[in-house]
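With my numbering, the residue at position 224 of the sequence shown is 313, and numbering never jumps.
Note that beta-carbon positions come from the ideal geometry of N, C-alpha and C, so glycine has one too.
In this text the structure is predicted, and so the values were computed from the model without any measurement.
Below is one structure; the comments refer to it alone.
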Amino acid sequence: MSRYGIISDIHGNAQALRAVYDRLGELEVDRIVCLGDIVGYGPSPTKCLDLVLSYCHEVVRGNHDEAVLDPDLGRYFNSAALMALNWTRDQLGAYHLHAISHMKTRIRLGDSLLLVHDTPVLHDSAYIHELPHAIEAFEGLNQGICLHGHTHLPTIFRSQPSGDVTLEVPVHGEPIVLNPEDRYLCNPGSVGQPRDGDARASYAVLDYTCPDAEAIFTLYRTEYDIKGAQSETHSVGLPSILAERLEMGC
Ligand code: ZN
Numbered sequence: 090m091s092r093y094g095i096i097s098d099i100h101g102n103a104q105a106l107r108a109v110y111d112r113l114g115e116l117e118v119d120r121i122v123c124l125g126d127i128v129g130y131g132p133s134p135t136k137c138l139d140l141v142l143s144y145c146h147e148v149v150r151g152n153h154d155e156a157v158l159d160p161d162l163g164r165y166f167n168s169a170a171l172m173a174l175n176w177t178r179d180q181l182g183a184y185h186l187h188a189i190s191h192m193k194t195r196i197r198l199g200d201s202l203l204l205v206h207d208t209p210v211l212h213d214s215a216y217i218h219e220l221p222h223a224i225e226a227f228e229g230l231n232q233g234i235c236l237h238g239h240t241h242l243p244t245i246f247r248s249q250p251s252g253d254v255t256l257e258v259p260v261h262g263e264p265i266v267l268n269p270e271d272r273y274l275c276n277p278g279s280v281g282q283p284r285d286g287d288a289r290a291s292y293a294v295l296d297y298t299c300p301d302a303e304a305i306f307t308l309y310r311t312e313y314d315i316k317g318a319q320s321e322t323h324s325v326g327l328p329s330i331l332a333e334r335l336e337m338g339c
């Protein structure tokens, strides 16, 4: 069996990322996978990139990471996100830009695990918030489990062979069994900018053996030094809304 730590949407929040790594160490994961958006919004893009590059075994590139490379994508961002994007780009040197440019946008682990940032549908970047979005997203997943981020909300969508698609919202510390006959879209929520009203950093552990066996997905939440992340956001001059929203979890 492999025990995967799953992190996503870190968004330059090094305080949250360090707290999550500490907890994943206690949970004795074998490998850590990162589902993208390492930078953007937050004040510590280089620290977060260094931590992800040294601790994560697999890393996919998110839309905020991509926008650092391609300024044109900033037109989809709101004004605070755009300011943070432009500030982030100024912080990164050739080493970090090179690392981002070499990240893949989808990674397959064996026959039944797929890692993406947003959706398993090729050349799409949709948000999987609700059942209609999930039904479309399952078009891109023939079998197994897709681990994704992007919405900053912990969710598990399940598609059964009967065609039924359902949503389960995972809660801290309660294991959810994933049946090998069904397909799943699993989102661990956001490490650095949760948006479900719970300010604690969000991440998950997946206990996985093989395509024919049950897997177990467990969500975790961890408190971290929000005040430290906020004061760093202010001190580098990023918009104050980006600091305030951290304590609200939105
Ligand atoms: Zn994000």
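Does T244 come out as helix, strand or coil in the three-state DSSP assignment?
DSSP places T244 in the strand class (E or B) of the three-state scheme.
Tell me, to the nearest whole angstrom, how far the beta carbon of S133 is from that of A103; I am working on the premise that it is less than 8 Å.
4 Å
Quick one: using the 10 Å Cβ neighbour count with 16 as the cut-off for buried, is D154 buried or exposed?
buried
Between R120, L274, A183, A215, which lies nearest to V148 when the distance is taken from Cα to Cα?
Out of R120, L274, A183, A215, R120 has the C-alpha closest to the C-alpha of V148.
Distance check for T311 and V266, CA to CA, integer angstroms please.
22 Å
For the alpha helix (DSSP H) containing R107, name the first residue and the last one.
103 to 115 is the extent of the alpha helix (DSSP H) around R107.
Under three-state DSSP, which class holds S190?
helix
In angstroms, rounded to a whole number, what distance separates the CA positions of F246 and C275?
7 Å
Does any heavy atom of the ligand ZN sit closer than 7 Å to the C-beta of G151?
Yes.
Reference I315, options G94, G281, I189, closest by Cα
I315 has its Cα closest to that of G281, out of G94, G281, I189.
Could you compute how far the alpha carbon of D200 sits from the alpha carbon of V157?
The straight-line gap from Cα to Cα measures roughly 32 Å.
Can you find a heavy atom of the ligand ZN that lies under 7 Å from the Cβ of D207?
no
Is there at least one non-hydrogen atom of the ligand SAH closer than 7 Å to the beta-carbon of H222?
Inclusion of the ligand SAH in the displayed structure is not the case, the ligand content consisting of the ligand ZN alone.
Flag this pair as yes or no: are the beta carbons of S91 and C123 separated by less than 8 Å?
no
Using the rule of at least 16 other Cβ atoms within 10 Å of the residue's Cβ for burial, across every protein chain shown, is G252 buried or exposed?
By the 16-neighbour rule on beta-carbons within 10 angstroms, G252 is exposed.
Per-residue burial, Q319 [other beta carbons within 10 Å of its own, 16 or more giving buried]
buried
Per-residue burial, V258 [other beta carbons within 10 Å of its own, 16 or more giving buried]:
exposed
Would the beta-carbon of L308 fall within 8 Å of that of H261?
The answer is yes: Cβ separation under 8 Å.
Could I get the ranges of all uninterrupted beta strand (DSSP E) runs contained in the segment 245 to 291, with 3 residues as the minimum, in chain order?
254 to 257, 265 to 267, 272 to 277
Residue range of the alpha helix (DSSP H) that Y93 falls in?
Per DSSP, Y93 belongs to no alpha helix (DSSP H); it is in the beta strand (DSSP E), 91 to 96.
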